[in-house]
Amino acid sequence: MAKSEEVKAKDNAARPPSFWRRFGMQFGIWGVGIGIWLIFVFTASEAFTSKDIYLAFASSTPIFALMAIPLTLIVITGEIDLSFPSVMALATASFTKIYSGTGNIWLGLAMALFVGTMCGYFNGWLVTYFAIPSLVITIGTGFLFRGIELAWMNGSGVGLTDKELASVANVLVGRSFFGIANQFWWTVLATIVLWFTLNRTKFGAHVFLTGDNKISAQLMGVNVNKVKRRTFAIMGFFAALAGLVASFEVSYFWPTLGDGLLMNSIASVFLGGTSVFGGIGTVTGTFVGAFIIGAINAGIVASGINAFYTQVFFGLVIIISVIMQAVISKRIKR
Amino acid sequence: MAGQAPVIQLKNVSKTFGEVRSLSGVDLEIYPGEIVGLLGDNGAGKSTLVKIIMGFHKPDEGGEIWFKGEKITEWSVEKARDLGIETIYQERALCELQPIWRNMFMGREIKNKYGKLDVAKMKSEASRLMSEHMGFTSTAVHPDNSVLTMSGGEKQGVAITRALYFDAELVILDEPTVGLSLSETKKTLDFIQSIKKSGRSAIFIDHNIFHIYPAVDRMVVLDRGKVVGNYKKSEITIDELIESMYRVARTGSIKE
Ligand SMILES: Nc1ncnc2c1ncn2[C@@H]1O[C@H](COP(=O)(O)OP(=O)(O)OP(=O)(O)O)[C@@H](O)[C@H]1O
Ligand SMILES: [Mg+2]
């Protein structure tokens with residue numbers, strides 16, 4: 002069987018795409034990651050050869066990685082979400098309100114995930130029903146969700162130090178296996194689940210088709226609007242999860258939760274090789290991209306470089322990775 | 020054929036895009052085992068008609084679509100394909116960044132009973148179809164290759180092969196031979212004959228009357244959104260058909 006196939010392939014001269022064309026982008030990402038890591042190992046060898054810094058990564062990076070991974074799906078469909086930091090906050094605010102009101106932790110958690118999912122779905126609905134560019138409408142909803150949250154919380158935070166919360170906190174953000182933060186494992190799990198969703202379900206197949214050519218997809222019976230609404234809903238769900246993780250990690254819900262995470266998440270997606278033009282992307286790339294961004298964050302501080310340079314570094318990383326995509330896609334088109 | 024309900028029937032179908040009226044009051048029926056040629060000038064509304072049959076466009080108020088004797092209320096591309104209608108669109112409807120296998124199965128992905136996609140099967144089927152039916156010999160037809168770099172004819176081959184795979188009861192071919200080599204054109208025409216032999220139906224759109232006439236049982240002529248002619252092949256010779264096509268183009272009326 003295998004043999005006859007080989008012969009056939011030779012007859013037809015049907016060759017698979019070259020190794021570089023298929024995996025070039027993935028290697029590029031890993032290359033950038035290893036390169037940056039080496040730079041830090043040499044410039045800040047003391048910090049980068051001790052395991053503490055890696056444990057620190059494992060606890061801080063997941064907070065935006067958990068959102069970068071679902072954001073990958075939205076970007077593949079050709080859309081973007083800029084409102085998820087606010088969704089994080091609004092969803093977590095719902096948890097604190099329900100918990101303080103009813104004393105029921107599970108109801109609170111369920112409510113947070115529900116509110117997050119609904120906020121995401123609302124974004125998706127606006128984008129698809131009114132055919133508004135998501136880049137614009139999610140700026141609007143971002144302000145809206147943030148405004149509702151701040152008004153609801155009256156601008157003040159809530160401590161999450163109740164004894165009753167200890168077991169949930171332990172599951173979400175405790176330490177296990179060599180002291181690695183649980184949120185790291187949650188992030189790994191999210192990557193696996195969303196990898197499966199994207200690559201082994203009909204919905205995932207439709208995510209690619211929607212972002213590649215919307216009209217073609219529709220002509221072949223893909224409900225592109227439904228696909229988009231679902232990706233936004235998934236985003237909302239994970240934003241809520243990230244909000245809970247971030248708040249339990251510091252045992253406090255800050256009403257400004259989410260500030261500063263937008264760029265980290267978006268940078269992770271693009272650095273991870275997901276195309277700005279839609280139709281192409283991987284969640285594993287985003288996972289690696291997120292940890293590269295995390296390393297840059299930590300490395301700059303550890304190398305004693307002025308922290309203001311972090312932004313310079315991020316800016317360059319985003320610009321270079323997006324230019325690389327444009328060059329590669331031009332190459333493929335010849 | 021009489022007595023059997025048409026596979027698809029349009030009753031009084033009109034379609035307006037804003038100010039443009041592409042179809043007005045079209046009645047059309049396609050019977051089982053029948054190959055119907057659809058003729059008409061550029062912009063006559065042929066492709067629009069196809070997209071209405073597929074559920075991509077909704078007909079204006081008052082138009083009805085009937086499938087095997089039943090009036091359809093909720094029509095969509097997904098439903099049309101589930102019921103066994105496949106189309107090779109004029110614009111090919113490919114997602115060019117995606118590999119061939121994803122294009123081949125777009126909208127109708129193969130999955131197991133738990134809903135998990137069977138990627139290995141889709142790839143092997145895609146590669147089998149490409150070599151068996153289209154006989155492609157180029158290096159570009161490996162199922163993992165993206166459609167983007169394929170030649171125009173090869174891209175069309177993907178669209179044609181895709182329609183072939185699902186054993187549709189009604190196959191609609193919207194200008195399938197444009198840009199194809201002689202041998203590929205012949206294969207496409209053979210494909211239409213194989214549809215007929217297996218007792219299924221087809222709608223065949225082509226600007227070349229010499230492709231249409233030998234392939235079909237009946238011809239419907241569309242002009243500026245209206246059906247202006249409907250001939251069984253036994254009723255008209257190819258010369259008369261050409262003559263009347265010119266007349267339509269000149270005067271907008273099929274009769275002398
Ligand atoms: N989505 C649309 N929006 C607006 N107008 C449209 C749309 N689709 C088609 N039309 C118009 O409807 C008319 C018929 O177009 P259609 O594509 O059905 O013609 P056709 O008979 O297939 O022509 P051709 O032989 O050139 O393919 C044209 O005038 C076209 O401009
Ligand atoms: Mg047309």
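As you go down the protein sequences, you meet chains A and B in turn.
Each number in the numbering used here corresponds to the 1-based position in the first sequence with 1 added.
Each number in the numbering used here corresponds to the 1-based position in the second sequence with 19 added.
Ideal placement from N, C-alpha and C gives every residue a C-beta, glycine not left out.
- If you measure from each CB to the nearest heavy atom of ligand 2, the residues under 7 Å come out as B/Lys-65, B/Ser-66, B/Gln-109, B/Asp-193, B/Glu-194 and B/Ile-224.
- Counted as a single uninterrupted DSSP element, the stretch harbouring A/Thr-257 is not any alpha helix (DSSP H), since DSSP gives it neither H nor E.
- According to the DSSP assignment, A/Phe-238 belongs to the alpha helix (DSSP H) that extends over 225-250.
- Judged by beta-carbon spacing, A/Met-264 lies beyond the 8 Å limit of A/Ile-75, meaning their Cβ atoms are not closer than that value.
- In the displayed model, B/Glu-48 falls within a strand according to three-state DSSP.
- For B/Ser-220, the enclosing beta strand (DSSP E) has its first and last residue at 220-224.
- In this structure, the straight-line span from the alpha carbon of B/Leu-58 to that of B/Leu-47 is close to 13 Å.
- If you draw a 10 Å sphere on the C-beta of B/Pro-195, you find 16 or more other C-beta atoms in it, and that means buried.
- A/Val-225 has its CB no nearer than 7 Å to any heavy atom of ligand 1.
- In terms of CA proximity to A/Gly-273, A/Val-323 leads the group A/Val-323, A/Val-251, A/Gln-312 and A/Glu-250.
- Put simply, of A/Glu-47, A/Trp-187, A/Ser-248 and A/Phe-254 the residue whose alpha carbon is nearest the alpha carbon of A/Phe-288 is A/Trp-187.
- About 12 Å separates the beta carbon of A/Val-128 from that of A/Ile-140, a gap too long to meet the 8 Å contact definition.
- One thing to note: A/Ser-87 has its Cβ no nearer than 8 Å to the Cβ of A/Glu-165.
- In this structure, A/Phe-144 has its CB at a distance of at least 7 Å from all heavy atoms of ligand 1.
- By the Cβ-count criterion, A/Ser-248 is buried, with 16 or more other Cβ atoms from all chains shown falling within 10 Å of its own Cβ.
- Remark: three or more beta-carbon pairs, one from each stretch, lie closer than 8 Å, so the region 165-183 of chain B and the region 108-128 of chain B are flagged as touching.
- The beta carbon of B/Gln-117 sits closer than 8 Å to some beta carbon of chain A.
- Under the DSSP assignment, A/Glu-47 falls in the alpha helix (DSSP H) whose first and last residues are 46-49.
- For the 8 Å CB-CB criterion, B/Tyr-232 and B/Ile-257 form a contact.
- Per the DSSP secondary-structure output, B/Asn-249 pairs in a beta bridge with B/Val-239.
- Against chain A, the beta carbon of B/Glu-128 has neighbours under 8 Å at Lys-203 and Ala-206, listed in chain order.
- Listed in chain order, the alpha helix (DSSP H) elements of length 4 or more contained wholly in the region 25-97 of chain A are 46-49 and 52-77.
- Contact of B/Ala-112 with chain A by beta-carbon distance below 9 Å involves Asn-214, Ile-216, Ser-217, Ala-218, Gln-219, Leu-220 and Met-221.
- Contact between A/Gly-143 and A/Leu-56 does not hold, since the beta-carbon distance rounds to 32 Å and is not under 8 Å.
- Proximity of the beta carbon of A/Phe-197 to ligand 1 is not indicated: no heavy atom of the ligand is located closer than 7 Å.
- Contact between A/Ser-60 and A/Gln-219 is absent: CB atoms are separated by about 44 Å, not below the 8 Å threshold.
- For B/Arg-121, the chain A residues whose C-beta falls within less than 8 Å of its own C-beta are Ala-206, Phe-209 and Leu-210, listed in chain order.
- Taking the Cβ atoms as the reference, B/Arg-100 lies roughly 24 Å from A/Gly-279, outside the contact range of under 8 Å.
- If you check the C-beta of B/Val-190 against ligand 1, you find no heavy atom less than 7 Å away.
- Selection A/Leu-262, A/Ile-297 and A/Ile-320 evaluated against A/Gly-36 yields A/Ile-297 as nearest (Cα-Cα).
- In the three-state reduction of the DSSP assignment, B/Lys-142 falls in the helix class, which pools H, G and I.
- Judged by pairs of C-beta atoms under 8 Å, the region 291-311 of chain A does not touch the region 34-49 of chain B, as fewer than three such pairs exist.
- Taking A/Ala-241 as the centre and dropping the five residues before and after it, the same chain places the C-beta of Ala-92, Ala-113, Leu-114 and Gly-117 closer than 6 Å to its C-beta, in chain order.
- Taking all protein chains shown into account, B/Asn-61 has fewer than 16 neighbouring C-beta atoms within 10 Å of its C-beta and is therefore exposed.
- A/Arg-147 and A/Thr-162 have their C-alpha atoms some 24 Å from each other.
- A/Pro-71 is the residue among A/Thr-78, A/Gly-79, A/Pro-71 and A/Phe-96 whose C-alpha sits nearest the C-alpha of A/Phe-85.
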